[in-house]
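*Asks:* Sending over a structure as structure tokens; questions will come in a sec.
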Amino acid sequence: MKQAVGDSAISTPPHQADPSARRQRWFGIAAMLLSATAFGWLGVFARLAYQAGAEPITVLCMRFSIAALVMFGILHVRGQRLPRGKVLIGLILLGGIGYVAQSMAYFVALTMASAGLVAVLLYLYPGLVTLLAVVFFKERLTPRMVLALVLALIGSALAIGPIGGGKPLGIILAISGAVIYAIYITAGSQITARAGAIPSSTVIMSAAAVVYTGIMLARGPVWPATTGGWLAIVGIALVSTVLAIVMFFVGMERIGPTAASTISALEPLVSVGAAVVVLHEPISIWQLAGGLLILTAVVLLARSS
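In the working numbering, each residue's number is its place in the sequence shown (first place is 1) plus 1.
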């Protein structure tokens, strides 16, 4: 590492740069843990909204519309501007095509296969992100990172619980959702680094909101019939979208797409815990074992260099 002083360059000993790098890494890990926790509540909020009579497309439209408005407010308060040019176009494509395509594939797959099977197949994406990062960005993998990735994938499968069957098309759609999400994360790591977390999230959410609004208007909205249903939608928008996505990008900027996607494997553990507490769903020894593996993977990743 070189530090310019006048016309000369002085070498900074590596150990002097380590504390700052470690702080940035731990901040990135903390942001990703918060993001995974917020995303993990998405399923519970959605179930509550559906129980109130809402329909998935309407919920997704409200989710991104409310989130986009909040993000524009945050952007204004912070005095930031939206990106321009190719970066803006890239973010619009990420939100309007990438995010929409992934979520649509996931939700349609749920109509053709069990939720457990679809969720496990979706969690193929950390491995796919790793492959993309190695192939296209020449990211170096340490044995500890590989071990953490393997443990996270196994833990995710166990935490979700027993797996049922499904139609071939449902399986294909679930795998497609994982592939789309991996590409979204990998591409997003490059684009958002240039635009910043807040402007990037604002554009992505707005693009997704526009697309889902068009779909909802074409199909006709199906609103929740209770106050609790509307509160669940607000929770989806503010907690599982604004907080979750912003923290995801903040974390990914600091620790990279591979580590970010690995920590995201904490999401199913949070989902299971939230379902037990709020929806009173049962929990098995396999889910507890999966949670332990996921937490072990997070610790290994946090201690990696």
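Glycine residues also receive a C-beta, built at the ideal position from the N, C-alpha and C atoms.
Between which residues of its own chain and Gly-171 is the CB-CB distance below 6 Å, once the five residues before and five after are set aside?
*Replies:* Within the sequence shown, numbered from 1, the residue matching residue 171 stands at position 170. Here the set comprises Ala-110, Met-113, Ala-114.
*Asks:* Among residues of its own chain, excluding the 5 on either side of Ser-66, which ones have a beta-carbon nearer than 7 Å to its beta-carbon?
*Replies:* In the sequence shown, counting from the first residue as 1, residue 66 sits at position 65. For Ser-66, where only same-chain residues beyond five positions count, the Cβ hits under 7 Å are Ala-210, Thr-214.
*Asks:* Below 8 Å on the Cβ atoms is my contact criterion, and I expect Ser-201 with Phe-137 to pass it. Report the Cβ-Cβ distance as a whole number of Å.
*Replies:* Reading the sequence shown from its first residue, position 200 is the one you call residue 201. Reading the sequence shown from its first residue, position 136 is the one you call residue 137. Wrong, their Cβ atoms sit about 20 Å apart, outside the cutoff.
*Asks:* Just to check, is the beta-carbon of Lys-168 closer than 7 Å to a non-hydrogen atom of the ligand ATP?
*Replies:* No copy of the ligand ATP occurs in the structure displayed, which carries no ligand at all.
*Asks:* Would you list, in sequence order, the uninterrupted alpha helix (DSSP H) runs of no fewer than 4 residues that lie entirely inside the segment 122-188?
*Replies:* Qualifying alpha helix (DSSP H) stretches, in chain order: 126-138, 144-161.
*Asks:* In chain order, what residues of the same chain lie with their CB nearer than 8 Å to the CB of Gln-103, ignoring the 5 residues before and after it?
*Replies:* Here the question's residue 103 lines up with position 102 in the sequence shown. Correct list, in chain order: Gly-178, Ile-181, Tyr-182, Tyr-185.
*Asks:* Could you check if Thr-143 is buried or exposed, using at least 16 other CB atoms within 10 Å of its CB as the buried criterion?
*Replies:* Here residue 143 refers to the residue found at position 142 of the sequence shown. That one is exposed.
*Asks:* Rounded to whole angstroms, what's the CA-CA distance from Leu-174 to Ser-21? Just pull it up for me.
*Replies:* Walking along the sequence shown from the start, residue 174 turns up at place 173. Walking along the sequence shown from the start, residue 21 turns up at place 20. Distance between the alpha carbons of Leu-174 and Ser-21: 43 Å.
*Asks:* Between Arg-23, Leu-70, Glu-56, Arg-24, which has its C-alpha nearest Leu-239's C-alpha?
*Replies:* On the sequence shown, residue 239 is found 238 positions in, with the first residue counted as 1. Considering only Arg-23, Leu-70, Glu-56, Arg-24, the residue with the shortest C-alpha distance to Leu-239 is Leu-70.
*Asks:* Could you spell out the range, first to last residue, of the alpha helix (DSSP H) harbouring Val-251?
*Replies:* Against the sequence shown, residue 251 aligns to sequence position 250. Val-251 -> alpha helix (DSSP H) spans 245-264.
*Asks:* Excluding sequence positions up to five away, which residues of its chain have a Cβ less than 6 Å from the Cβ of Met-292?
*Replies:* For the purposes of this step, residue 292 is taken as the residue at position 291 of the sequence shown. The amino acid at residue 292 is misidentified as Met; the sequence shows Gly. Spatial neighbours of Gly-292 in its own chain (CB-CB distance under 6 Å, excluding positions within 5 residues in sequence) are listed in chain order as Ala-160, Leu-270.
*Asks:* If you reduce the DSSP assignment to three classes, tell me which class Ala-47 lands in.
*Replies:* What you label residue 47 is simply residue 46 of the sequence shown in a count that begins at 1. If DSSP states are grouped into helix, strand and coil, Ala-47 belongs with the helices.
*Asks:* Give me the residue from Phe-46, Val-101, Ala-31, Arg-23 with the minimum Cα distance to Ile-216.
*Replies:* Here residue 216 refers to the residue found at position 215 of the sequence shown. Answer by Cα proximity: Val-101.
*Asks:* Quick test of the definition: if touching needs 3 or more C-beta pairs under 8 Å, does the segment 37-46 touch the segment 226-242?
*Replies:* yes
*Asks:* Where does the unbroken alpha helix (DSSP H) through Val-211 begin, and where does it stop?
*Replies:* As a position in the sequence shown, residue 211 is number 210, starting the count at 1. Looking at the DSSP string, the run of the alpha helix (DSSP H) that includes Val-211 is 198-220.
*Asks:* Looking at the structure shown, is Ala-120 part of a helix, part of a strand, or coil, going by DSSP?
*Replies:* For the purposes of this step, residue 120 is identified with residue 119 of the sequence shown, where counting begins at 1. DSSP places Ala-120 in helix when its eight states are reduced to three.
*Asks:* Nearest CA to the CA of Val-235: which residue from Cys-62, Val-300, Met-248, Leu-150?
*Replies:* As a working note, residue 235 is residue 234 in the sequence shown. Considering only alpha carbons, the answer is Cys-62.
*Asks:* On a Cα-Cα basis, can you pick out the residue from Met-33, Met-72, Ala-260 that is closest to Arg-145?
*Replies:* Taking the sequence shown and counting its residues from 1, one reaches residue 145 at position 144. It is Ala-260.
*Asks:* Do the CB positions of Ile-205 and Val-88 come within less than 8 Å of each other?
*Replies:* The residue labelled residue 205 in the question sits at position 204 within the sequence shown. The residue labelled residue 88 in the question sits at position 87 within the sequence shown. For Ile-205 and Val-88, no; Cβs fall outside 8 Å.
*Asks:* Excluding the 5 residues preceding and the 5 following Leu-76 in the sequence, name in chain order all residues of the same chain whose CB lies nearer than 8 Å to its CB.
*Replies:* One-based indexing of the sequence shown puts residue 76 at position 75. Once the five neighbours on either side are set aside, the close Cβ partners of Leu-76 are Arg-82, Leu-83, Ile-199, Pro-200, Thr-203.
*Asks:* Pull up the DSSP beta-bridge partners for Ala-275, would you.
*Replies:* Position 274 of the sequence shown, counting from 1, holds the residue named residue 275. The partner list for Ala-275 (beta bridge, DSSP) is empty, contrary to what the question assumes.
*Asks:* Quick check: what's the CA-CA separation for Phe-73 versus Leu-267?
*Replies:* Position 72 of the sequence shown, counted from the first residue, corresponds to residue 73. Position 266 of the sequence shown, counted from the first residue, corresponds to residue 267. Going from the Cα of Phe-73 to the Cα of Leu-267 covers about 29 Å.
*Asks:* Can you check whether the CB of Ile-256 is closer than 8 Å to the CB of Arg-26?
*Replies:* The count along the sequence shown starts at 1 and reaches residue 26 at position 25. The count along the sequence shown starts at 1 and reaches residue 256 at position 255. Yes, they are a contact pair.
*Asks:* Following the continuous alpha helix (DSSP H) through Trp-231, name the residue where it begins and the one where it ends.
*Replies:* Mapped onto the sequence shown, residue 231 falls at position 230. 228-238 is the extent of the alpha helix (DSSP H) around Trp-231.
*Asks:* Quick one: give me the first and last residue of the alpha helix (DSSP H) that Tyr-107 is part of.
*Replies:* Stepping through the sequence shown from its first residue, residue 107 is reached at position 106. From DSSP, the alpha helix (DSSP H) with Tyr-107 extends over 101-110.
*Asks:* Would you tell me roughly how many angstroms separate the C-alpha atoms of Leu-94 and Thr-131, rounded to the nearest one?
*Replies:* Reading the sequence shown from its first residue, position 93 is the one you call residue 94. Reading the sequence shown from its first residue, position 130 is the one you call residue 131. Rounded to the nearest angstrom, the two C-alpha atoms are 22 Å apart.
*Asks:* Considering only the beta carbon of each residue, do Pro-225 and Ala-50 sit closer than 8 Å?
*Replies:* Here residue 225 refers to the residue found at position 224 when the sequence shown is read from its first residue. Here residue 50 refers to the residue found at position 49 when the sequence shown is read from its first residue. Contact flag set, yes.
*Asks:* Is Ala-153 near Thr-59, with beta carbons less than 8 Å apart?
*Replies:* The sequence position of residue 153 within the sequence shown is 152, counting from 1. The sequence position of residue 59 within the sequence shown is 58, counting from 1. Going by C-beta atoms, Ala-153 is not nearer than 8 Å to Thr-59.
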